[in-house]
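Numbering (the numbering used here), first residue to last: 43 to 233.
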Amino acid sequence: MPRLVIATKNQGKVAEMRDLLQAAGIAAEVVEGLEWDDVEETGETLEENALLKARAVCEATGLPALADDTGLEVEALGGRPGVRTGRFAGPDATYDENVDHLLSLLGDRSDRTARFRTALALVFPDGTEVTAEGVVEGEITFERRGTGGFGYDPVFAVDGVTLAEMGMEAKNRISHRARAVAALAEVLGAG
Numbered sequence: 043m044p045r046l047v048i049a050t051k052n053q054g055k056v057a058e059m060r061d062l063l064q065a066a067g068i069a070a071e072v073v074e075g076l077e078w079d080d081v082e083e084t085g086e087t088l089e090e091n092a093l094l095k096a097r098a099v100c101e102a103t104g105l106p107a108l109a110d111d112t113g114l115e116v117e118a119l120g121g122r123p124g125v126r127t128g129r130f131a132g133p134d135a136t137y138d139e140n141v142d143h144l145l146s147l148l149g150d151r152s153d154r155t156a157r158f159r160t161a162l163a164l165v166f167p168d169g170t171e172v173t174a175e176g177v178v179e180g181e182i183t184f185e186r187r188g189t190g191g192f193g194y195d196p197v198f199a200v201d202g203v204t205l206a207e208m209g210m211e212a213k214n215r216i217s218h219r220a221r222a223v224a225a226l227a228e229v230l231g232a233g
């Protein structure tokens with residue numbers, strides 16, 4: 043698999059995925075600068091959304107496309123926001139607005155158990171589709187901590203350290219995306 047497109051316009055995620063692919067032994071040149079229409083996430087599961095994005099970008103670019111969808115599942119909120127993680131505070135919410143909404147819903151609850159779940163989908167121009175999943179368990183902090191990462195990283199802690207505090211190298215060893223990429227490498231026989 044010499045060339046592939048990471049089906050996101052989020053440059054932070056592109057950089058993270060490039061590092062994770064390399065660390066997992068998936069030899070691929072990540073092609074950037076291509077254009078495609080935004081893909082509406084209408085799936086009921088993370089895997090469905092990842093497949094929707096990967097299929098659309100593969101079709102638009104003619105290259106293998108790797109897409110992910112990630113959900114934050116908070117026990118005290120009945121597993122929400124889940125598949126709606128990126129739109130938790132509304133359809134056009136920013137990362138900060140989503141985090142604010144989460145923290146306000148949790149308030150001072152002591153049960154802050156949560157998990158991040160990532161579904162990956164790799165779609166090839168010949169129609170072959172490969173999926174994988176990764177999960178990391180943690181908890182939601184009472185306030186933002188750290189400056190690294192993006193999204194919910196400043197409030198999602200593993201062993202007391204938020205993903206935003208631990209730096210990219212440490213995060214890439216334990217994160218939900220790292221685990222999903224490792225699972226994908228195993229399926230592809232690269233890991």
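For glycine and all other residues, C-beta sits at the position ideal for the given N, C-alpha and C. Note that the coordinates shown come from a computational prediction; the quantities given were computed from them, not determined experimentally.
Per-residue burial, residue i [other beta carbons within 10 Å of its own, 16 or more giving buried]
i	result
K51	exposed
E58	buried
E115	buried
V229	exposed
E82	exposed
A69	exposed
P123	buried
T170	exposed
R221	buried
E89	buried
D138	exposed
R45	exposed
P133	exposed
Heavy atom of the ligand GTP within 7 Å of residue i beta-carbon
i	result
Y137	Only the bare structure without any ligand can be found here, which leaves the ligand GTP out of the picture.
Whole-number beta carbon distance between residue j and residue i, since they are thought to touch under 8 Å
i	j	result
A163	L93	4 Å
F198	F158	6 Å
L63	T103	About 17 Å separates the two Cβ atoms, so there is no contact after all.
I216	V200	6 Å
R187	E207	6 Å
T136	T112	Not really, about 16 Å apart at Cβ, beyond 8 Å.
A109	A65	19 Å between Cβ atoms; not a contact.
T87	V125	6 Å
A156	D142	Wrong, their Cβ atoms sit about 16 Å apart, outside the cutoff.
V56	E74	7 Å
V165	A96	4 Å
First through last residue of the alpha helix (DSSP H) which encompasses residue i
i	result
V229	H218 to L230
L76	From DSSP, L76 is part of no alpha helix (DSSP H); its letter is neither H nor E.
E139	Y137 to L148
A57	Q53 to A65
Residue range of the beta strand (DSSP E) that includes residue i
i	result
A156	T155 to V165
T173	E171 to I182
L205	L205 -> no beta strand (DSSP E), and no H or E assigned at all.
F198	F198 to V200
R151	Looking at the DSSP string, R151 is not in any beta strand (DSSP E), and its letter there is neither H nor E.
R45	R45 to I48
Legend entry - the segment 171–191 in contact with the segment 221–231 per 3-pair CB rule at 8 Å: Segments in contact, yes.
Legend entry - Contained alpha helix (DSSP H) runs [length at least 4] in the segment 67–129, N- to C-terminal order: 88–103
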